[in-house]
């Protein structure tokens with residue numbers, strides 16, 4: 001009796017151990033990580049839901065991850081990375097150099113498409129930014145250009161034409177001088193024309209590219225010989241010298257929060273800034289009715305220089321991803337927006353993502369709804385810069401983060417009078433030159449120790 | 001060894017086995033691995049490649065590392081004596097028989113248990129050059145001497161002093177330890193000194209200090225170890241709560257060894273190099289601790 005009861009109780013357990021024929025288990029689950037959160041993540045989730053609808057073979061799961069580069073590094077090293085990740089383009093070269101990314105060409109061509117055909121859908125710089133050392137490791141989802149924003153009311157108050165931004169560097173410096181107001185007795189700055197490292201200290205390496213420096217040429221670090229680098233340091237020294245070191249530091253510390261109604265550009269405490277398309281979103285959110293202008297960065301007196309610097313949010317497939325082909329299926333879905341969309345609500349794919357983030361699409365062809373019903377009223381400025389090729393992308397360097405940090409430190413030292421431009425040039429060249437040399441030595445050493453398969 | 005002794009020994013090992021395994025897995029193995037990786041080029045994402053002393057040679061020529069060592073030693077030189085002096089002063093005050101002693105003891109200890117990140121965010125606001133509380137208090141003093149109040153964390157000349165001042169927030173821990181030490185000093189010695197005509201300073205110098213010297217020595221060693229590993233405050237307070245800033249901002253004035261080590265390992269993905277920095281940090285800490293031990297050896301008086 002006891003034995004029969006035991007057998008009866010064990011029967012369901014034995015049945016559970018048998019082979020499963022649940023159809024849901026035959027679906028491939030693609031894990032997609034993104035550093036976007038809030039509304040940006042919701043936009044991507046909308047596309048994920050649209051992709052998943054009606055599919056029985058693939059389901060995409062989206063996860064917002066803070067500090068994504070570090071989490072990605074840890075999971076890739078642990079052999080359990082996501083299948084897809086959305087990163088900033090400046091991180092791609094570093095991970096590609098360390099063998100942490102899957103080359104996308106075999107995956108693309110495995111689906112029957114050609115890599116050149118896929119890259120041909122993107123605007124010039126976007127396609128270039130996909131490659132590192134000739135191999136395609138990423139595909140851009142959104143494109144952002146750093147442009148000039150100005151507060152028209154401040155221009156009007158200073159007797160300047162609110163519709164006419166400064167056209168070149170000399171005019172820009174003059175505008176900065178006229179738009180700066182001080183307390184007569186103490187010299188304290190009340191309102192400034194421009195701060196070189198506000199809102200982003202990362203504007204320092206951007207400024208070098210804007211002022212004509214390539215930063216990297218023919219497999220060499222060229223900072224010390226780069227005229228753009230010298231101009232940037234001298235420009236920073238001049239700007240802060242005109243403001244006064246202590247007055248500049250005190251003023252900088254008194255600025256309101258960026259993503260709020262206290263944004264200094266919105267309140268007029270700063271008249272001009274270099275920023276990206278996301279500022280348009282914040283202006284709409286926190287300063288409705290603000291009169292502001294958007295234009296390309298001022299030219300640099302006849303020298304060959306970009307009038308914008310471009311960055312991208314890119315999709316990558318980490319090394320060791322379990323379902324790279326399924327990940328590419330989702331990406332292909334995103335890169336095939338409905339070009340016949342007639343209104344914002346009909347936007348799909350990357351167009352929907354970019355519209356939600358007030359950014360430009362990386363694709364050459366866009367729907368009429370994207371071009372004319374985009375929430376960013378200044379889209380045409382960004383689009384023209386990208387199409388004309390006037391926007392320079394950040395260099396694809398594995399040591400870019402170190403390079404950018406060193407440039408930021410050098411610019412800060414020059415601004416605060418801790419170092420002369422010549423000394424700063426030499427220091428950056430020394431440090432990053434050594435870092436680049438070390439990178440090359442390490443690569444050769446690794447190739448000797450672990451020769452690549454034939 | 002008799003069978004019963006052997007049995008006792010096995011029992012002892014059995015009870016401590018978990019701790020020994022934990023020590024091996026979570027302390028000894030990582031330390032040994034770090035030492036090995038310090039001689040390798042290792043990014044975590046790829047297998048390590050032996051490179052001999054290359055990492056150490058690069059450290060010798062690395063200006064950022066030199067800045068970090070200098071900043072760390074300056075911070076230690078400033079925060080340790082100041083922290084000990086403030087903690088001892090508070091303990092001496094709390095050792096007096098006054099009303100509300102328990103209340104004041106709690107009040108002075110509470111800041112030490114506030115989480116480091118939360119307190120760093122508060123101090124960021126307090127050190128604001130324009131509207132911070134610190135400048136509201138000391139600003140008139142600077143203006144009296146014809147200078148403008150500093151912008152603290154935004155100014156490379158004042159960022160380290162700001163962090164040193166901020167480190168006083170945690171003196172509650174030392175204060176409690178000193179208080180315990182002070183309460184162990186026999187009252188008869190104070191009475192005898194008073195009878196011999198010693199004033200307050202002489203009693204402090206010739207009775208209190210020698211008898212709490214072991215406590216001072218312990219706090220000094222812990223202070224050396226803690227200040228050479230300063231990380232949280234420097235990492236959090238370099239920012240303005242939003243924008244990305246390079247390590248040690250402004251102008252590498254707050255670049256400490258632990259911060260440099262962390263960003264080298266986890267942002268620049270140079271784990272081997274970071275392990276070399278960790279080994280150097282260990283040797284610097286060991287060296288400083290040994291120096292303190294040598295200098296203090298003859299000055300420590302134990303009551304037995």
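Residue numbers (the working numbering), protein chains in the order written: chain A, 1 to 454; chain B, 1 to 304. Ideal Cβ placement from N, Cα and C applies to all residues, glycine included. Owing to the predicted nature of the structure, the values given are computational and were not obtained by experimental measurement.
About 20 Å separates the beta carbon of residue 292/B from that of residue 258/B, a gap too long to meet the 8 Å contact definition.
Legend: CB atoms of the segment 259-273 of chain B lying less than 7 Å from CB atoms of chain A belong to residues 266, 267, 268 and 269. Residues of chain B whose Cβ lies closer than 7 Å to the Cβ of residue 292/A do not exist; the shortest such Cβ separation is about 20 Å. Between the segment 350-363 of chain A and the segment 38-49 of chain A, the count of Cβ pairs shorter than 8 Å is three or higher; the stretches touch. Boundaries of the beta strand (DSSP E) harbouring residue 85/A: 84-88, taken from the DSSP string. Counting C-beta atoms within 10 angstroms of its own C-beta, residue 285/A has fewer than 16 neighbours from the protein chains shown and is therefore classed as exposed.
Just measuring C-alpha positions, the residue of 163/A, 267/A and 257/A sitting nearest residue 289/A is 267/A.
Taking residue 94/B as reference, the option from 134/B, 180/B, 63/B and 163/B with the minimal CA-CA separation is 180/B.
A Cβ-Cβ distance of about 7 Å is found for the pair residue 236/B and residue 121/B, placing them in contact under the 8 Å criterion. For residue 191/A, the pairing in a beta bridge is given by DSSP as 181/A. Chain order gives the chain B residues near residue 201/A as 243, 244, 245, 246 and 249, where near means a beta carbon separation below 9 Å. For residue 371/A and residue 377/A, the gap between their C-alpha atoms comes out near 10 Å. Taking a beta-carbon distance threshold of 9 Å, residue 275/B does not count as an interface residue toward chain A. Under the DSSP definition of a beta bridge, residue 367/A lacks any partner.
Cβ proximity to chain A below 9 Å picks out 41, 43, 44, 45, 46 and 47 from the segment 18-47 of chain B. Within the segment 44-118 of chain A, the complete beta strand (DSSP E) segments of 3 residues or longer fall at 58-64 and 84-88, listed in chain order.
Where residue 312/A is concerned, the enclosing beta strand (DSSP E) starts and stops at 308-316.
Ranked by Cα distance from residue 300/A, the options 227/A, 150/A and 157/A are led by 227/A. Distance from the CA of residue 77/B to the CA of residue 248/B, rounded to the nearest whole angstrom, comes to 18 Å. Around the CB of residue 199/B, fewer than 16 other CB atoms lie within 10 Å, so the residue is classed as exposed.
Counted as a single uninterrupted DSSP element, the alpha helix (DSSP H) harbouring residue 247/A occupies residues 245-253. The alpha carbon of residue 210/B has as its nearest neighbour, out of 184/B, 266/B and 143/B, the alpha carbon of 184/B. Residues of chain B whose Cβ lies closer than 7 Å to the Cβ of residue 442/A are, in chain order, 41. For the segment 151-174 of chain B, the set of residues with a beta-carbon nearer than 7 Å to any beta-carbon of chain A comprises 151, 154, 155 and 156, in chain order. Excluding the 5 residues flanking it on each side, residue 419/A has same chain C-beta neighbours closer than 6 Å at 413, in chain order.
Relative to residue 224/B, the option among 36/B, 73/B and 45/B whose CA is nearest is 73/B.
Its chain contains 165, 271, 272, 292 and 293 as the residues whose beta carbon lies nearer than 7 Å to that of residue 150/A, once the 5 sequence neighbours on both sides are disregarded; these appear in chain order. In terms of beta-carbon proximity, residue 324/A stays away from the interface with chain B, with every pair separated by 9 Å or more. Chain order gives the chain A residues near residue 51/B as 441, 442 and 445, where near means a beta carbon separation below 9 Å. Within 7 Å of the CB of residue 100/B, no CB atom of chain A is found; the nearest one sits about 38 Å away. The alpha-carbon of residue 349/A is positioned some 11 Å away from that of residue 363/A. Boundaries cannot be given for residue 343/A, as no beta strand (DSSP E) includes it and DSSP labels it neither H nor E. For residue 32/A, same chain residues with a beta-carbon under 6 Å away, outside a window of 5 residues either side, are 60, 62 and 84 in chain order.
Listed along chain B is no residue with a C-beta nearer than 8 Å to that of residue 424/A; the closest approach is about 10 Å. Shown here, residue 335/A sits in coil according to DSSP, grouped into three states, outside any helix or strand. Fully contained in the segment 179-239 of chain B are the following alpha helix (DSSP H) runs of length 4 or more, in chain order: 187-195, 200-203, 213-228 and 232-237.
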